[in-house]
Amino acid sequence: MIGIGILKGMAVTLRNFAGSYFEKDRLITVQYPEERNPLPENYRNFPILIYDTDNAEAGLRCVACKICEKECPPQCIYIIKSDDKKPDYMGKPQFYPKVFDIDISVCMSCQICVEVCPFEAIKMDKDFELSKRERFDALLFRKEELSKSNEYYHRIHPVEAAAVDANLAAAAAAAEAKKKAAAAAAAAKPVTPTPPTPPGEAPPESSSPTS
Ligand code: SF4
Ligand code: SF4
């Protein structure tokens with residue numbers, strides 16, 4: 006019969022409407038913005054830059070390698086690398102971005118910048134309430150605005166952030182073990198004895214600095 010599908014659909018709507026007064030599960034809407042549905046772990050919006058410690062400048066993971074800038078399909082990342090180096094959060098001297106801007110009016114949330122970053126420095130935010138009155142400058146997010154703490158990253162992507170922390174800790178432990186093994190190998194290297202100087206000849210000059 007023509008229209009039977011419509012009637013069945015209306016019956017489902019009516020059942021859910023009446024049932025929603027008794028069963029909370031039947032409610033599919035919330036009183037936004039007072040109430041919000043939790044966003045799924047993998048929800049993403051625009052990129053952010055992660056920093057460790059409580060210092061956004063010193064703890065920034067980004068080393069301004071510019072891989073993300075090169076790979077971004079719509080070319081909405083703009084980076085200027087520093088001339089000098091500063092210690093990163095692990096104390097290693099690194100370049101840093103003097104300027105790091107993302108034009109979020111162009112960004113298409115593809116996450117390619119995140120996939121290509123070798124330093125776990127750029128991740129996707131979940132903040133979607135970003136409407137602005139100005140169309141241009143207000144949508145150009147600068148380094149200060151993009152920088153978010155690792156704690157914030159853990160709050161928005163707990164599973165992913167825990168995996169990243171584990172990877173970084175494993176990499177740091179491997180680097181430390183390699184350093185210790187190299188130091189032990191250098192210490193165990195046998196010292197070549199200096200041959201005796203034949204009588205009447207001057208002893209060879211030492212290559213080590215004298216104090
Ligand atoms: S999410 Fe995609 S479009 Fe946006 S900055 Fe990253 S690479 Fe570019
Ligand atoms: S965010 Fe990552 S890929 Fe982009 S410049 Fe910084 S370290 Fe390099």
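If you read the sequence shown in this note's numbering, its first letter stands for residue 6, the second for the next number, and so on.
All C-beta atoms in this analysis are idealised placements derived from N, C-alpha and C, irrespective of residue type, glycine included.
Every value quoted in this text rests on a predicted model; they were computed, and no experiment measured them.
A residue is called buried when at least 16 other Cβ atoms come within 10 angstroms of its Cβ; L54 meets this threshold and is buried.
For F141, no beta strand (DSSP E) encloses it, and the DSSP letter there is neither H nor E. For the 7 Å CB-CB criterion, I82 and I107 form a contact. Residue side-chain check: P38 keeps its Cβ at 6 Å or more from all non-hydrogen atoms of ligand 1. Counting of Cβ neighbours within 10 angstroms places Q80 among the exposed residues, the total staying below 16. Sequence-distant Cβ neighbours of L65 in its own chain, meaning closer than 7 Å and more than five residues away, are L54, Y56, Y101 and S152.
Cβ atoms of T58 and Y94 come within 8 Å of each other, at about 5 Å. According to the DSSP assignment, F105 belongs to the beta strand (DSSP E) that extends over P102 to D108. Annotated as distal: D130 and N47, with beta-carbon spacing of 7 Å or more.
Under the DSSP assignment, L54 falls in the beta strand (DSSP E) whose first and last residues are P52 to Y56. Taking all protein chains shown into account, P52 has 16 or more neighbouring C-beta atoms within 10 Å of its C-beta and is therefore buried.
As a beta-bridge residue in DSSP terms, L65 pairs with Y56.
Note that the segment 185 to 196 does not touch the segment 148 to 163; fewer than 3 beta-carbon pairs, one per stretch, sit closer than 8 Å. With a contact defined as Cβ atoms closer than 8 Å, V121 and C73 qualify at about 6 Å. Within its own chain, the residues whose Cβ lies closer than 6 Å to the Cβ of S110, once the five positions on either side in sequence are excluded, are L144, listed in chain order. I11 sits in a helix when the DSSP states are folded into three classes. Closest option to T18, judged by alpha-carbon separation, among L32, C77 and K103: L32. The beta-bridge partner set that DSSP reports for S154 consists of Y56. Spanning the alpha carbons of A178 and A187 requires a straight line of approximately 14 Å.
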